[in-house]
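S.K.:
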Amino acid sequence: MSAAAEQVVQTKEKKPFHFLKWAKGRKGQQTIIIVAFMFIPLLLLFTFTYFPFAEMFKFSFYKMKYIGPRKFVGLDNYIQVFKRDDCFGALKLSLYYIGGAMVQLAIALYLATILSFKVKGGSIFKGFMFFPYLISGIAIGFIFKFFYTRGFVFDTVLQWCGFELENLPYWLKDQRINNISLVATSVWRYFGQNMVLFIGAIMSVDAELYEAAELDGANKFQQFRYIILPSIKTIVTLNVILSITGSLSAFDPPYVITKGGNGTGTYFVIMNEIAHVSQKVGLASAMAVVLLIIIFIATILQKLFFKYAMRDAEDENTGAGLRREKKLERYRNRRKGAA
Amino acid sequence: MKLKKVLALSMAAVLTLSMAACGGGSSESAAVNTNEETAEAAPAETTKEAGDAAEAEDTAEASGLSYTNIVLGESYTDITTTIKWLTHRTDLIDSGMIDSYIADFNETYPNITVEVEGVTNYADDALLRLTSGNWGDIMMIPAVDKNLLNEYFVPYGSLSDVSKAVRFADQWMYDNTVYGIASTGNAQGIVYNKAIFEQAGITAIPKTPEEFIAALQAIKDNTDAIPLYTNYAAGWTMGAWDAYINGSATGSSKYMNQELLHTQDPFQDYGDGTHAYAVYKVLYDAVANGLIEDDYTTTDWEGCKGMINSGEIGCMVLGSWAYSQMVEAGDHGDDIGYMSFPITVGGKQYASAGPDYNYGINVNASDDNKAAAMVFVKWMTEESGFAYNEGGVPISMDGEYPALYAAFDGIEFVADEPSVAGEEDILNELNAESELNINSGGDSKIQSIIEHAANGDMTFDEIMAQWNEAWTSAQETVGVEVTN
């Protein structure tokens with residue numbers, strides 16, 4: 001440490017700190033108010049989120065049941081998670097849900113684009129399509145259990161369309177398609193919500209841009225591709241990230257409709273079974289921590305991916321953007337001239 | 001400036017007040033809760049310590065509270081209190097049966113008010129409620145480890161005393177002390193539709209797995225009924241298959257709690273159509289030969305009752321408790337019959353029998369509530385006719401067997417003996433460790449039999465080998481001596 005620095009430290013020490021004076025001053029008042037207002041929310045956050053999580057993290061190092069003695073086993077539970085077939089095998093099912101999430105976002109984006117232009121009965125359609133999101137996951141499970149039952153709703157509708165019952169698969173029994181059936185229920189439930197988010201974002205696009213694009217002879221698809229999509233890319237990215245993390249932790253449809261049987265047990269369903277039936281609470285806690293880490297990694301990877309993907313897209317279009325700007329400028333000038 | 005100071009001060013005052021109000025509110029409600037749950041009894045903090053529980057036991061014994069000493073209509077008639085009963089029988093609450101039992105009880109004991117709370121997902125929720133301590137005075141004992149019984153429940157008396165008065169007294173016993181009285185007893189068998197069996201040309205009740213599969217095939221060939229309805233989707237109905245691997249499949253009362261733990265490869269083929277292998281093979285074969293419902297993933301538990309009643313189902317593998325429900329589900333109650341599981345051990349047939357949920361009494365309740373609760377339990381067992389109405393094996397020693405056991409002539413009931421002292425928790429540990437969860441919610445393993453049989457991706461012997469492996473490795477982890 002240099003002499004000069006020591007000097008600074010000494011001069012600082014020489015000035016004694018008066019708490020009361022500080023507290024009465026503007027800075028002190030500010031700090032006190034901030035701390036006072038933050039105290040309660042932080043306390044709640046800590047008690048109901050971080051403290052239970054810390055407890056669960058602690059459990060993951062123990063061999064324990066809900067009641068009875070606990071035994072510290074170190075990393076055994078984590079080793080088990082990686083050794084067992086069912087834990088990571090269940091994560092493969094998440095691919096179905098991720099695929100479903102992509103379909104869901106595509107449908108939502110498509111409908112949102114259509115509905116954000118003038119459509120007859122647009123509000124009613126929005127309402128109908130958003131409605132499933134308002135039903136609880138358990139109720140949806142029961143609805144679809146009957147929907148998929150042999151010879152019930154779905155089969156009947158397909159028979160009206162000319163399908164023969166013998167040619168139809170068993171929607172929940174056939175292990176090749178039962179996961180797709182389950183994913184479809186979750187797509188049905190969530191696409192309306194994504195759609196509403198997209199519509200909200202599309203609303204914020206300046207209507208003049210469409211007008212300008214139309215004058216330039218852009219068709220609807222080109223308008224979507226070059227105006228809407230770049231304007232709402234933030235919300236699209238957010239929805240993709242939320243859908244993929246949601247897919248990793250899918251629980252409602254398999255738990256209610258098939259109880260995780262017949263090859264539909266997702267990671268969460270297996271975790272629930274281990275925690276509540278076999279009462280291996282430590283192992284289940286370890287599974288939860290591992291999933292959390294996987295979700296962290298997945299999110300970070302996606303963020304990086306979008307950072308690159310989006311930047312590339314912009315690089316490609318810098319010329320186009322400039323040209324667009326120029327055209328707009330010309331258009332405005334012409335309008336001014338006309339006036 | 002002054003105004004600002006006043007504002008700041010009043011703001012601070014409001015904040016402090018609101019915080020104080022929050023704190024006050026919660027502590028107050030906590031106090032109310034403890035009042036409700038334990039009245040003036042021992043404070044809640046002491047409950048966790050075994051020593052204190054033992055103390056509570058002493059006081060209970062000192063006050064002379066024991067199951068056998070209670071004389072209904074004479075003992076404790078002076079108590080005025082309210083007790084709360086946590087039960088799994090939500091169906092009986094809905095049908096008003098529970099209310100009518102309580103009304104009958106109040107004719108003898110008008111001063112004891114019984115409140116009932118039904119819990120739908122009982123096995124899981126009751127365990128959580130038990131640990132929280134806030135559950136009332138009587139509960140149906142969930143799957144707790146036996147060495148913890150005295151921390152939670154009041155003893156009814158010693159095994160030698162209580163077992164003279166009731167059947168299955170050893171179900172929840174630890175150190176020769178009984179902590180649970182069974183509500184009713186179940187025998188394990190198969191509920192079937194007599195008319196369908198007749199129509200299919202089955203004259204004698206099948207006694208071996210081969211005869212049973214042949215009978216199912218006859219039902220498939222000669223009638224429109226589903227030969228065997230699995231109830232796959234309900235889950236717990238699958239776990240019920242475990243109830244046949246003890247007495248019904250071996251004829252031994254020691255198998256479940258004493259022999260199974262020490263058995264090397266208990267799921268192996270014994271070659272004589274007995275043991276667990278034969279039980280589960282019946283299911284596998286029935287599925288593999290297409291003798292079950294078309295789409296097992298969408299079975300409907302409530303619907304199956306009416307279906308067997310009207311002759312759309314040939315038979316279902318369920319405990320005797322299911323019999324009365326099937327009889328009441330439609331107009332053809334007379335067609336419903338009950339038979340033993342088709343396994344013959346050395347030329348003789350056996351049927352597992354055992355207690356349903358047991359009544360346990362809260363060790364932290366007040367002395368009055370403990371006494372009132374025990375009076376109620378004894379009344380339910382001896383006077384209410386509950387076990388008879390449920391079609392169960394009587395709990396009270398002088399109780400009557402219901403008519404459904406007519407077909408069990410010559411078949412011996414085998415009730416499981418309790419574990420050897422010191423081995424009470426080993427079966428639980430093995431179950432959890434192996435994740436087979438025999439007789440404790442292992443629904444998914446039985447479901448997997450159906451899945452593999454239907455998809456043909458695993459033979460029955462492969463499944464059994466897998467289970468044997470899980471069992472063996474659990475035995476090693478827990479450190480159980482394997483003797484046979």
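Listed in order, the protein sequences are those of chains A and B. For the record, in the first sequence the residue sitting at position 167 is 167 according to UniProt numbering, with numbers rising by one throughout. For the record, in the second sequence the residue sitting at position 58 is 58 according to UniProt numbering, with numbers rising by one throughout. Beta carbons: idealized from backbone N, C-alpha and C, even for Gly.
To the nearest angstrom, how far is it from the Cα of Thr131(B) to the Cα of Arg70(A)?
M.R.: 15 Å
S.K.: Judging by CA-CA distance, which residue of Tyr277(B), Ile426(B), Ile98(B) and Ala126(B) is the nearest neighbour of Asp242(B)?
M.R.: Tyr277(B)
S.K.: Does any CB atom of chain A fall closer than 9 Å to the CB of Asp368(B)?
M.R.: no
S.K.: Identify the residues that DSSP records as bridge partners of Gln193(A): which are they?
M.R.: Answer is none; Gln193(A) lacks a bridge partner.
S.K.: Got a sec, what are the start and stop residues for the beta strand (DSSP E) Met316(B) sits in?
M.R.: Ile313 to Met316
S.K.: Return the chain-ordered ranges of every beta strand (DSSP E) run that is complete within the region 62 to 128 of chain B and spans a minimum of 3 residues.
M.R.: 81 to 87 and 112 to 118
S.K.: Kindly indicate which residue of Lys120(A), Gln30(A), Pro132(A) and Phe61(A) has the alpha-carbon position closest to the one of Asn194(A).
M.R.: Pro132(A)
S.K.: May I ask you to list the residues that DSSP assigns as paired with Lys280(A)?
M.R.: DSSP output for Lys280(A) lists no bridge partner at all.
S.K.: So Gln171(B) and Asn358(B) are in contact, right, with Cβ under 8 Å, and what is the actual spacing, rounded?
M.R.: 6 Å
S.K.: Pull out every residue of the region 142 to 171 of chain A whose Cβ sits closer than 9 Å to any Cβ of chain C, in chain order.
M.R.: Here chain C cannot be found, since the structure's protein chains are A and B.
S.K.: Using DSSP with H/G/I as helix, E/B as strand and the rest coil, what is Glu329(A)?
M.R.: DSSP places Glu329(A) within a helical segment (H, G or I) once states are collapsed to three.
S.K.: Measuring only the C-alpha atoms, how far is Lys280(A) from Ala90(A)?
M.R.: 18 Å
S.K.: Return the first residue and the last residue of the alpha helix (DSSP H) that Phe212(B) is part of.
M.R.: Residues Pro209 to Asn222.
S.K.: Is it the case that the Cβ atoms of Val338(B) and Ala407(B) are separated by a distance below 9 Å?
M.R.: According to the sequence displayed, residue 338(B) carries Tyr and not Val. Yes. Within cutoff.
S.K.: Among Glu423(B), Asp300(B), Ile79(B) and Gly346(B), which one has its Cα closest to the Cα of Val114(B)?
M.R.: Ile79(B)
S.K.: Starting from the Cα of Arg332(A), find the closest Cα among Val256(A), Val277(A) and Leu209(A) and give me that residue.
M.R.: Leu209(A)
S.K.: Going by DSSP, name the residue or residues bridged to Ser396(B).
M.R.: Val166(B)
S.K.: Could you spell out the range, first to last residue, of the beta strand (DSSP E) harbouring Ala353(B)?
M.R.: Lys348 to Pro355
S.K.: Assign Lys303(A) to one of three DSSP states: helix, strand, or coil.
M.R.: helix
S.K.: Could you check the C-alpha separation between Asn257(B) and Tyr170(A) for me, to the nearest Å?
M.R.: A direct Cα-Cα distance of roughly 41 Å separates Asn257(B) from Tyr170(A).
S.K.: Alpha carbons only, please: which of Asp425(B), Val282(B), Trp471(B) and Gly346(B) is nearest the one belonging to Gln217(B)?
M.R.: Val282(B)
S.K.: What residues of chain B sit near Ser278(A), judged by a beta carbon separation below 7 Å?
M.R.: Result: Ala432, Glu435 and Asn437.
S.K.: Buried or exposed: Trp135(B), going by 16 or more other Cβ atoms within 10 Å of its Cβ?
M.R.: buried
S.K.: Within 9 Å (strictly less), CB to CB, does Ala30(B) reach chain A?
M.R.: Because Ala30(B) carries a pLDDT of 38, less than 50, the predicted location of this residue cannot be relied on, and the following value inherits that uncertainty. With 9 Å as the cut-off, Ala30(B) does not count as an interface residue toward chain A.
S.K.: Assign Trp188(A) to one of two classes, buried (16 or more other C-beta atoms within 10 Å of its C-beta) or exposed (fewer than that).
M.R.: buried
S.K.: So what's Pro227(B) in DSSP terms, helix, strand or just coil?
M.R.: strand
S.K.: How should His452(B) be labelled, buried or exposed, when 16 other C-beta atoms within 10 angstroms of its C-beta is the threshold for buried?
M.R.: buried
S.K.: Would you please state the rounded distance, in angstroms, between the beta carbons of Val73(A) and Tyr62(A)? I believe it to be under 8 Å.
M.R.: At roughly 6 Å, the Cβ-Cβ gap stays under 8 Å, so Val73(A) and Tyr62(A) are in contact.
S.K.: Along chain A, which residues have their Cβ under 9 Å away from the Cβ of Ser444(B)?
M.R.: For Ser444(B), the neighbours in chain A by C-beta distance under 9 Å run, in chain order, Lys259, Gly260, Gly261, Gly265, Glu273 and Val277.
S.K.: Going by C-alpha distance, which of Trp471(B), Ser440(B), Lys370(B) and Thr483(B) is nearest Tyr156(B)?
M.R.: Lys370(B)
S.K.: Ser444(B) by DSSP, collapsed to three states: which one?
M.R.: Correct three-state label for Ser444(B): helix.
S.K.: Taking Cβ-Cβ distances shorter than 8 Å, what residues in chain B pair up with Ala67(A)?
M.R.: The sequence shown places Ile at residue 67(A), not Ala. Going along chain B in sequence order, the residues near Ile67(A) (Cβ under 8 Å) are Leu127, Leu130, Thr131, Val144, Asp145 and Leu148.
S.K.: Comparing alpha-carbon positions, which option in Phe17(A), Met56(A) and Arg150(A) lies nearest Leu292(A)?
M.R.: Met56(A)
S.K.: Taking the continuous alpha helix (DSSP H) assigned at Ala329(B), which residues delimit it?
M.R.: From DSSP, Ala329(B) is part of no alpha helix (DSSP H); its letter is neither H nor E.
S.K.: Is Tyr122(B) close to chain A, meaning its C-beta is less than 9 Å from at least one C-beta of that chain?
M.R.: Cβ-Cβ to chain A under 9 Å: no for Tyr122(B).
S.K.: Should Gln80(A) be flagged as near chain B, meaning a C-beta pair shorter than 9 Å?
M.R.: Output row for Gln80(A): interface = no.
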